[in-house]
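Student: Counting along the sequence shown from 1, when you hit position 57 you're at 80 in our numbering, and nothing is skipped either side.
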Amino acid sequence: MKLPPNARFSTRCLHAGQEPDPATGAIITPIYQTSTYVQEELGKHKGYEYARTQNPTREALERNVANIESGTEGFAFASGMAAIGAIATLLKSGDHVVVSDNTYGGTFRLFDKVLTKFQLSFSYVDTADLEQTERAFTPATRMLFVETPTNPIMRITDLAGAAALAKSRNARLVVDNTFASPSVQRPIEFGADLVVHSTTKYLNGHSDSIGGVVIAVNADDIEWLRFVQNAEGAILSPFDSWLVLRGTKTLALRMAQHNANGLSLAQFLEAHPKVRHVYYPGLPSHPQHALASRQMRGFGGMLAFDVGSLDAARRLLNGVRLLSLAESLGGVESLISHPATMTHASVPADKREALGITDGLVRISAGLEDIEDLKADLVQALDRV
Ligand SMILES: Cc1ncc(COP(=O)(O)O)c(C=O)c1O
24 MKLPPNARFS TRCLHAGQEP DPATGAIITP IYQTSTYVQE ELGKHKGYEY ARTQNPTREA
84 LERNVANIES GTEGFAFASG MAAIGAIATL LKSGDHVVVS DNTYGGTFRL FDKVLTKFQL
144 SFSYVDTADL EQTERAFTPA TRMLFVETPT NPIMRITDLA GAAALAKSRN ARLVVDNTFA
204 SPSVQRPIEF GADLVVHSTT KYLNGHSDSI GGVVIAVNAD DIEWLRFVQN AEGAILSPFD
264 SWLVLRGTKT LALRMAQHNA NGLSLAQFLE AHPKVRHVYY PGLPSHPQHA LASRQMRGFG
324 GMLAFDVGSL DAARRLLNGV RLLSLAESLG GVESLISHPA TMTHASVPAD KREALGITDG
384 LVRISAGLED IEDLKADLVQ ALDRV
């Protein structure tokens, strides 16, 4: 199989980095469930010595994801957090990082509770506002860490603007692209240096694996990440690598349906009398709809909406039948959650309020069910509000 150099996205999802297995010709990369590799004679091996360092299943996934994110090399880790932890090792004590203010709570916890112990410092700003972002830079700033869209109120950061700002200050732009997936947005094409994913979400897409991946373009970053992936050892297992690789093959197809269902639910909810406000970048009412239209292809499957109070949110969440009340996102099945008490419970109440994460806010990860069934479920649940 030879992938044409100008192959389109869905073709790359299926074929990039995928060679028939050299031992058997198996079209699907096998799960190389082994800890070590036998050497023919002293110092003579097939490029594989020990499976923390090299594993063919993981490598097939890493090549695939690097290609579909328009990067150079990928490194797969045991979770999204392990991937972000590996990126943090590119910093050294005394460095400062500017971070999107409503970044994923686990990222905030890692930065705030773990990395500050190592003389790293962090400033949290609304990176959708590039002037405010620039003001947060100090002479010690070496990284701008952005999530776009943000969770759960879907603020959008201008990727090209953020990349130009980081470059002008000799800092790396890191984008957590978990919410969008490379089908919807490819930050490296806008100038990002590193992209990170919780593969747990859209890349795997089937709610049956925890994993993470970093995609890099700069030679120095690649060399370091390869070293640290082996040195710290938080690698993705062969089985999880195989699962995620199976997921990326259908990414384009799944995202088309996530996008369609996300938009349709956002429009339906915006017109519903019990709903006060809908946050979805695909709606013309979203304040950054024009920017989102420029840098995203489709607007993803994540949306949030406000039903006015904790009591109303509770009745809605307890009333759904088809949607599942659960954290996480990006799987084939639709999930519904309550950010204030679930994903963002550790964020202090005043900060939550400032971010727009009210007690009446509900988040949906639109899955792949028939849209009419999803709407019918929300109609009956909203009737209880
Ligand atoms: C945007 C984002 N980044 C990173 C993570 C962490 O990923 P993991 O749970 O795979 O460690 C999550 C998890 O929810 C996330 O939503």
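The beta-carbon is built from N, C-alpha and C at its ideal position, and this holds for glycine as well.
1. Mapping DSSP to helix, strand and coil, what is His229?
2. Where does Ala368 land, buried or exposed, given buried means 16+ other C-beta within 10 angstroms?
3. Please report the Cβ distance between Ile359 and Leu352, rounded to the nearest whole angstrom; I am assuming they are in contact, meaning their Cβ atoms lie under 8 Å.
4. How is Ala327 classed by DSSP in three states: helix, strand or coil?
5. List the residues that DSSP assigns as beta-bridge partners of Tyr147.
6. Tell me the rounded alpha-carbon separation between Ile238 and Gln155.
7. Taking the beta carbon of Asn193 as the centre, do at least 16 other beta carbons fall within 10 Å, making it buried, or is it exposed?
8. DSSP on Met278, reduced to helix/strand/coil?
9. Can you find a heavy atom of ligand 1 that lies under 7 Å from the Cβ of Met104?
10. Check whether the Cβ of Ile238 sits closer than 7 Å to any heavy atom of ligand 1, and report yes or no.
11. Do Val301 and Ala289 count as a contact pair if the criterion is CB distance below 8 Å?
12. Put Arg192 into one of helix, strand or coil per three-state DSSP.
13. Does the beta-carbon of Phe202, which I'm using as the reference point, lie nearer than 7 Å to any heavy atom of ligand 1?
14. Any idea if Asn341 is buried or exposed, counting beta-carbon neighbours within 10 angstroms, 16 or more meaning buried?
15. Quick one: Cα of Ser230 to Cα of Ala294, how far?
16. Counting beta carbon pairs with one atom in the stretch 378 to 394 and one in the stretch 175 to 182, are three or more of them shorter than 8 Å?
17. Would Val120 and Leu153 be called neighbours here (beta carbons separated by less than 8 Å)?
18. Cβ atoms of Ala159 and Leu138: under 8 Å apart, would you say?
19. On the DSSP letters alone, give me the boundaries of the beta strand (DSSP E) that Leu217 sits inside.
20. May I ask you to report which of helix, strand or coil DSSP gives Thr164?
21. Which stretch, first to last residue, makes up the alpha helix (DSSP H) that contains Ala111?
22. Helix, strand or coil for Glu63 per DSSP?
23. Quick check: is any heavy atom of ligand 1 less than 7 Å from the C-beta of Gly129?
24. Starting from the C-beta of Val240, find all residues in its chain whose C-beta is less than 7 Å away, skip the five residues before and the five after it, and write them out in chain order.
25. Please work out which residues of its chain come closer than 8 Å, Cβ to Cβ, to Ser308, disregarding the five sequence neighbours upstream and downstream, and give them in chain order.
26. With distance defined between alpha-carbon atoms, name the residue in Asp334, Gly285, Val355 and Thr59 nearest to Phe322.
27. Give a single yes or no on whether Gly97 has its beta carbon closer than 7 Å to a heavy atom of ligand 3.
28. Buried or exposed, going by whether 16 or more other CB atoms sit within 10 Å of the CB of His361?
Tutor: By the coordinates alone:
1. coil
2. exposed
3. So it is not a contact: roughly 10 Å between Cβ atoms.
4. strand
5. Val122
6. 27 Å
7. exposed
8. helix
9. yes
10. no
11. yes
12. coil
13. yes
14. exposed
15. 31 Å
16. yes
17. no
18. no
19. Leu217 to Ser221
20. strand
21. Gly103 to Ala111
22. coil
23. yes
24. Gly94, Thr95, Ile211 and Asp216
25. Glu293 and Val301
26. Gly285
27. The model depicted lacks ligand 3 and carries ligand 1 instead.
28. buried
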